[in-house]
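Asker:
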Amino acid sequence: MGDHGLRFGPQREAGVGKFEDYNPMLMIAVPKFLRANNQLMTNMRNNAFRHTSNYDVYATLVDIAKIGKKNAYKNWDYHDFRRDFGDKRGARAMSLFRPIPYDRTCEEMEIDEKFCLCYAWTHASVNSDLVRLAGYTVIDSVNRFLESENISSICAKLKFTEVIVYNILPLHRFVKFHLESSK
């Protein structure tokens, strides 16, 4: 596993620096005796281009220690980790040695958006009317909340002055459908 990249400086503050920090590199060296297993090697080649998370790394370690061992590391079909980790944790974890869907979303993996690789933050002009309206709206909402909680007398009233940075985060990159036939 690689490190998190640079910890400070202009490169760290750039988009690629934050990407490196939140998503460290991972390399796996497959033992020689497993390289002859075509199913395993195909899964790993495909999964190199799939959206994965730290939960998957954990599931992979459990797969090595317990699950793969049960069949002498011969069968690398899909495995449901809910039996191993419980419904919540198991639903979001997949072994890197087993098939991982190509259209897996951050919502399915239950990972925070800052770690999400499918989101593409884009910069927007801080001078647009929409951005200024968003700034005013946020400040107004905070001030109204302080009043509703009867704590505005002990808090300074916020005043909007400027937007320094404005980034847009699309909410969904994939649209999924589930179709069932009526018999």
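Just so you know, we're using our numbering here: the sequence shown kicks off at 1 and counts up by one.
All C-beta atoms, glycine included, are put in the ideal place defined by N, C-alpha and C.
As the structure is a prediction and not an experimental result, all values here were calculated from the model.
1) Take residue 98 as the anchor and find which of 69, 130, 42 has the nearest alpha-carbon.
2) Assuming residue 114 and residue 55 make a contact with CB atoms under 8 angstroms, what is their CB distance in whole Å?
3) Is the separation between the beta-carbon of residue 109 and that of residue 53 shorter than 7 angstroms?
4) Would DSSP call residue 186 helix, strand or coil?
5) Taking only runs of the beta strand (DSSP E) that begin and end inside the region 29-86, which ones reach a length of at least 3 residues, in chain order?
6) Quick one: what's got a C-beta closer than 7 angstroms to residue 60's C-beta in the same chain, skipping five residues either side?
7) Where residue 12 and residue 139 are concerned, what is the direct C-alpha to C-alpha distance, given to the nearest angstrom?
8) With H, G and I counted as helix, E and B as strand and the rest as coil, what does DSSP make of residue 161?
9) Is the beta carbon of residue 51 less than 7 angstroms from the beta carbon of residue 117?
10) I need the DSSP call for residue 23, collapsed to helix, strand or coil.
11) How would you write the range of the alpha helix (DSSP H) that residue 108 sits in, first residue to last?
12) Three-state secondary structure (DSSP) at residue 167?
13) Return the chain-ordered list of same chain residues with a C-beta closer than 7 angstroms to the C-beta of residue 100, the five sequence neighbours on each side being excluded.
14) State the Cα-Cα distance for the pair residue 105 and residue 154, rounded to the nearest angstrom.
15) Opposite residue 137 in the DSSP bridges: which residues?
Answerer: With the structure as the only source:
1) That would be 42, whose Cα lies nearest to the Cα of residue 98.
2) About 15 angstroms separates the two Cβ atoms, so there is no contact after all.
3) Less than 7 angstroms divides the Cβ of residue 109 from the Cβ of residue 53.
4) Residue 186 cannot be examined here, being either before or after the span of the chain that is shown, 1 to 183.
5) Taking only runs of at least 3 residues, no beta strand (DSSP E) segment lies wholly in the region 29-86.
6) Excluding sequence neighbours, residue 60 sits near 95, 96, 97.
7) Each residue's Cα considered, the two are about 29 angstroms apart.
8) Three-state DSSP puts residue 161 in coil, outside helix and strand.
9) Cβ atoms of residue 51 and residue 117: closer than 7 angstroms.
10) Collapsing the DSSP output to three states places residue 23 in coil.
11) That run of the alpha helix (DSSP H) goes 106-109.
12) In the displayed model, residue 167 falls within a strand according to three-state DSSP.
13) Answer for residue 100: 47, 50, 52, 94, listed in chain order.
14) Using only the alpha carbons, I get a separation of about 43 angstroms.
15) In the DSSP output, where bridge partners are listed per residue, residue 137 has none listed.
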